[in-house]
Amino acid sequence: MRGRSRTAAWAGLVVVVAVAVPQSAWWDMNHTVFAQAVVSGLLIGGVYSLVAMGLSLVFGVLDIINFAHGALMTIAIYASYLLFQNYGLDPYLSLFITIPLMFIIGVGIQRFAINPVMDAPVHNQLLLTLGIAIIIENLALVLFTGTPRSIELAYARNEFDLGVVTLDFPLRLFGAVVSLPKLIAFLVALLLAGALYLLIQRTQLGAAIRASAQEPEGAELVGIDVDRIYMITFGVGAACVGAAGSLVLPFLFVSPTAGATFTIIAFVVVVLGGMGSIPGALVGGLVIGLTQELTQLFVPGSTKFLGVFVVFLAVLLFRPEGILGRVRR
Amino acid sequence: MIRLRQLVAASSKDLQILLAVVAILALVPLGVSRFTLSVATAALIFALAGIGWNVLSGFAGQFSFGHAAYFGLGAYTVAVTFTRYSISPWVGLVLGGLVAAIFGLLAGWISFRFGLKGAYFALATFAFAELLRLTFNNFDYVGASIGITIPLAGGDSWSSLQFEDTPEIRYFVALALVALGILAVIAVKRSRIGSRMLAVREDEEAAASLGINPLRAKLFAISISGFITAVAGGYYAMFLMFVDSDLVFGPFISVAILLRPIVGGVGTIWGPVVGAAVLSILGEVTRSLVRDPPSILQAIEGVNGLDQVIFGVILVVVIIRAPDGVLGWFRRFRKRDGV
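Which chain is which? The protein sequence lines are Y and D, in order. Heads up, the first sequence is in my numbering, so the first residue is 314 and it goes up one at a time. Heads up, the second sequence is in my numbering, so the first residue is 263 and it goes up one at a time.
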């Protein structure tokens, strides 16, 4: 009952704000900037959600702090980039290569590097993934140098005739600019989130993953090969950043540390959403995307991450199980 | 006096090792280049920072992933008090330690009160360090994004802790600070509060049921830990003669600090120093290998990032093969051979 009344209170607050703000003088002056911040925040938030889902799975099932998560994304970004540059393969088609590729790499990392330290203290696991990140980032530096690169999609500024409506990109929405690559990234991220949710909740594999997360010994007793499930889980986690890497390529500078910035954001999202929770990662990603854009709007001169870390600490302290997570302390 | 004598008697073996190690390290400046000496000085500074980290994370078992917070507070305190108020860096080192200890008490109190443990505590410490980095980066009083350049005193000056002409002294001061840090750790480990810290690390609930206040033990650990790491940070500011928020609060500083004790041996007195020595030698060897490779490996000459790749590979192998650090590996090795 208490939960429901609290939800009602929150909903009420949101309605009041949504009705009151557009009446104010501030809104008249700033609504375009505000709309832009909200739209940008939601769009990038979708990508954050996708990256964080992979991390959340690994964190929730294996209980490993994976600091190589962003570095894995770097691999996918470079793979997509090379496919585009050398073979002209569209980044959205390269999804069909990066997702399985990253799955295999993830399984390999779990099999050969992380399985041996599953029972080691937390600092060793953390340092191991950090070591993997150092190797990946610097290998990228060795192979491709530090020069930032980018690609241009030929159709990013086209008109699209959908029969009912014609979409002219970059689209304008309440005065805010919506670029095509960001919109595609957002939509595909949502789609993959749904697929992942179904995989975890509705399939036998998903049931085995959930069982291994909650009670590894019990899972072993009923005949689940937990080590194998761990490998698959890490592979699925890596496949998420594989997809994210291809999706961000059209609007991100490619560099050896391109993925690293996503690691920290992903941790914030995972803690915010509750570890192991796919819907939590989805909501958390959108909230963090909004937070970073609105921080820049309301606290001029600050970096966008200031608000993100304030939210992070507040959640860690007051609701460490996350906004959608189960209470487990 | 009696307690002090007991303490000395009880830890006489540790003190003997300390004397021997200091004596050996004091010989380093003989016959090494100026560059190597500055590498060795930096190694000592990070060993000291690691000694501080080890008190909280090794002895009290609270894994910190944000010790750059204390390192940076120490560095900024020294830089600000010296450049703005002409306060001697010696005083600045102590002030920085106190500032960091107080920050540690606050951050620790908030985190521990809310029951943060393990990975969650680690992430919270990381967030605290990042918040400090972003705040200092926007705060004009401390130079914002430009940072603070410490003015040269000109030549050697004990009062302003600058030794431009004789880098040997700069090295010896770092060595003395490390020795003091080790002494402090020996004292803490032998003290009653030190035993309480170990009890909390092993089993917090059992410790609490024996009448130990876990919160107090952890707060004691975090303030001592912050103090020692801040002194290292303060001396680092005088070593570089420059601070900015990325340089002293950055995530890679937190990693650099915790890497040394983990490689050496977490929760051991000498782990941070051993780890610092191993990592510095390793770093220099790989760097010079890439800079000036033997003729068969000519292709790798000057390739950017290759030394880091080698470093990463060694790190991964060490953690899988020697999970309790160099000292732990050594101990197991001796046991196996029945020595």
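The beta-carbon is built from N, C-alpha and C at its ideal position, and this holds for glycine as well.
Can Leu-440 of chain Y and Ile-524 of chain D be called in contact, C-beta distance under 8 angstroms? For the purposes of this step, residue 440 of chain Y is taken as residue 127 along the first sequence, with counting starting at 1. For the purposes of this step, residue 524 of chain D is taken as residue 262 along the second sequence, with counting starting at 1. Going by C-beta atoms, Leu-440 of chain Y is nearer than 8 angstroms to Ile-524 of chain D.
Outcome for Leu-414 of chain Y when other beta-carbon atoms lying within 10 angstroms are tallied against a minimum of 16: Counting from 1 along the first sequence, the entry for residue 414 of chain Y is found at position 101. When all chains shown are included, Leu-414 of chain Y counts as buried.
Using the beta-carbon of each residue, which ones in chain Y are nearer than 7 angstroms to Val-571 of chain D? Stepping through the second sequence from its first residue, residue 571 of chain D is reached at position 309. Under the 7 angstroms cutoff, chain Y gives Ile-448, Asn-451, Leu-452, Val-455.
Just reading off the beta strand (DSSP E) that Asp-481 of chain Y is part of, what are its end residues? Locating residue 481 of chain Y in the first sequence gives position 168, where the first residue counts as 1. Unbroken beta strand (DSSP E) run through Asp-481 of chain Y: 479-481.
Which value, in whole angstroms, describes the spacing of the CA atoms of Ala-350 of chain Y and Leu-607 of chain Y? The residue labelled residue 350 of chain Y in the question sits at position 37 within the first sequence. The residue labelled residue 607 of chain Y in the question sits at position 294 within the first sequence. If you take the alpha carbons of Ala-350 of chain Y and Leu-607 of chain Y, they lie about 6 angstroms apart.
Got a sec? Which residues, its chain only, sit under 6 angstroms from Val-490 of chain Y by beta carbon, not counting five neighbours each side? On the first sequence, residue 490 of chain Y is found 177 positions in, with the first residue counted as 1. Excluding residues within five positions, the ones whose Cβ falls inside 6 angstroms are Pro-483.
To which residues does DSSP link Ile-410 of chain D through a beta bridge? Counted from its first residue, the second sequence places residue 410 of chain D at position 148. D:Val-505, per the DSSP bridge assignment.
Among Y:Ala-322, Y:Gln-609, Y:Glu-472, Y:Val-539, which one has its Cα closest to the Cα of Gln-423 of chain Y? As a first step, residue 423 of chain Y must be located in the first sequence, where it is residue number 110. Measuring from the Cα of Gln-423 of chain Y, the nearest candidate turns out to be Y:Val-539.
Assign Gln-654 of chain D to one of three DSSP states: helix, strand, or coil. Beyond the ends of chain D as shown, which are 263 and 601, falls residue 654 of chain D; an answer cannot be given.
Is it true that the CB of Gln-424 of chain D sits closer than 8 angstroms to the CB of Ala-436 of chain D? Taking the first residue of the second sequence as 1, we reach residue 436 of chain D at position 174. Taking the first residue of the second sequence as 1, we reach residue 424 of chain D at position 162. Result no, Cβ atoms of Ala-436 of chain D and Gln-424 of chain D do not sit closer than 8 angstroms.
Under the three-state reduction of DSSP, which class applies to Phe-473 of chain Y: helix, strand or coil? Position 160 of the first sequence holds residue 473 of chain Y. In this structure, Phe-473 of chain Y counts as strand in the three-state DSSP scheme.
Which chain Y residues are close to Ser-319 of chain D, counting only those with a beta carbon under 8 angstroms from its beta carbon? Position 57 of the second sequence, counting from 1, holds the residue named residue 319 of chain D. In chain order: His-436.
N- and C-terminal bounds of the alpha helix (DSSP H) containing Leu-394 of chain D: Numbered from its first residue, the second sequence carries residue 394 of chain D at position 132. It spans 380-399 - the alpha helix (DSSP H) in which Leu-394 of chain D sits, taken as one unbroken run.
Which residues, in chain order, does the stretch 558-590 of chain Y contribute to contact with chain D at a C-beta distance below 7 angstroms? Phe-580, Val-584
Give a yes or no on whether the minimum CB-CB distance between Phe-592 of chain D and chain Y is below 8 angstroms. In the second sequence, the residue the question calls residue 592 of chain D occupies position 330. It does not: the Cβ of Phe-592 of chain D has no partner Cβ on chain Y nearer than 8 angstroms.
Which residues share a DSSP beta bridge with Val-261 of chain Y? Here chain Y comprises residues numbered 314 to 642, so residue 261 of chain Y is not present and cannot be evaluated.
Neighbour flag for Leu-378 of chain D against chain Y, beta carbons, 8 angstroms: Within the second sequence, numbered from 1, the residue matching residue 378 of chain D stands at position 116. Chain Y contact via Cβ: present.
Expressed to the nearest angstrom, what Euclidean distance is found between the alpha-carbon atoms of Trp-591 of chain D and Gly-526 of chain D? Locating residue 591 of chain D in the second sequence gives position 329, where the first residue counts as 1. Locating residue 526 of chain D in the second sequence gives position 264, where the first residue counts as 1. Approximately 9 angstroms, taken between the alpha carbons.
Which of the three DSSP states is assigned to Val-356 of chain D in this structure? Position 94 of the second sequence, counted from the start, is the residue given in the question as residue 356 of chain D. In the structure shown, Val-356 of chain D sits in a helix (DSSP, three-state: H, G or I).
Taking just the CA atoms, how far does Arg-432 of chain D sit from Leu-394 of chain D? Indexing the second sequence from 1 puts residue 394 of chain D at position 132. Indexing the second sequence from 1 puts residue 432 of chain D at position 170. Whole-angstrom Cα-Cα distance: 28 angstroms.
Inter-residue Cα distance where the pair is Ile-412 of chain Y and Leu-396 of chain Y: As a first step, residue 412 of chain Y must be located in the first sequence, where it is residue number 99. As a first step, residue 396 of chain Y must be located in the first sequence, where it is residue number 83. Each residue's alpha carbon lies about 14 angstroms from the other.
Indicate whether at least one CB of chain D lies closer than 8 angstroms to the CB of Val-430 of chain Y. Counting from one through the first sequence, the residue named residue 430 of chain Y turns up at place 117. Closer than 8 angstroms: yes.
Which of helix, strand or coil does DSSP assign to Arg-462 of chain Y? What you label residue 462 of chain Y is simply residue 149 of the first sequence in a count that begins at 1. Looking at Arg-462 of chain Y - three-state DSSP - the assignment turns out to be strand.
For Cys-586 of chain Y and Ala-321 of chain Y, what's the separation of their Cα atoms in angstroms? Position 273 of the first sequence, counting from 1, holds the residue named residue 586 of chain Y. Position 8 of the first sequence, counting from 1, holds the residue named residue 321 of chain Y. What sits at residue 586 of chain Y in the sequence shown is Gly, not Cys. Roughly 20 angstroms separates the two Cα atoms.
Could you spell out where the alpha helix (DSSP H) holding Ala-315 of chain D opens and where it closes? What you label residue 315 of chain D is simply residue 53 of the second sequence in a count that begins at 1. The sequence as given places Trp at residue 315 of chain D; Ala does not occur at that position. Counting along the chain, the alpha helix (DSSP H) containing Trp-315 of chain D begins and ends at 296-316.
Name the DSSP bridge partner or partners of Gln-424 of chain D? What you label residue 424 of chain D is simply residue 162 of the second sequence in a count that begins at 1. According to DSSP, Gln-424 of chain D bridges with D:Ser-419.
Can Ala-384 of chain Y and Gly-519 of chain Y be called in contact, C-beta distance under 8 angstroms? As a first step, residue 384 of chain Y must be located in the first sequence, where it is residue number 71. As a first step, residue 519 of chain Y must be located in the first sequence, where it is residue number 206. Not in contact: Ala-384 of chain Y and Gly-519 of chain Y (Cβ atoms no closer than 8 angstroms).
Could you give the DSSP three-state label for Val-565 of chain D: helix, strand or coil? The residue you call residue 565 of chain D lines up with position 303 of the second sequence. DSSP places Val-565 of chain D in coil when its eight states are reduced to three.
Under the three-state reduction of DSSP, which class applies to Val-582 of chain Y: helix, strand or coil? Here residue 582 of chain Y refers to the residue found at position 269 when the first sequence is read from its first residue. Residue state, collapsed to three classes: helix.
Spell out the partners DSSP gives Val-567 of chain Y in its beta bridges. Here residue 567 of chain Y corresponds to residue number 254 of the first sequence, with the count starting at 1. Its beta-bridge partners are Y:Arg-462.
Inter-stretch contact (C-beta, 8 angstroms, three-pair minimum) for the stretch 332-348 of chain D and the stretch 467-474 of chain D: no
Decide if Thr-516 of chain Y is buried, meaning its Cβ has at least 16 other Cβ atoms within 10 Å, or exposed. Numbered from 1 along the first sequence, position 203 holds the residue referred to as residue 516 of chain Y. When all chains shown are included, Thr-516 of chain Y counts as exposed.
With C-beta atoms as the reference, is Leu-503 of chain Y less than 8 angstroms away from Gly-359 of chain Y? As a first step, residue 503 of chain Y must be located in the first sequence, where it is residue number 190. As a first step, residue 359 of chain Y must be located in the first sequence, where it is residue number 46. In contact: Leu-503 of chain Y and Gly-359 of chain Y (Cβ atoms closer than 8 angstroms).
Against chain Y, which members of the stretch 325-357 of chain D pass a CB distance test of less than 8 angstroms? Phe-325, Phe-327
Which of the three DSSP states, helix, strand or coil, is assigned to Gly-473 of chain D? By one-based count along the second sequence, residue 473 of chain D stands at place 211. Coil, per DSSP.
Short of 8 angstroms Cβ to Cβ, which residues in the stretch 522-533 of chain D face chain Y? Ile-524, Val-528
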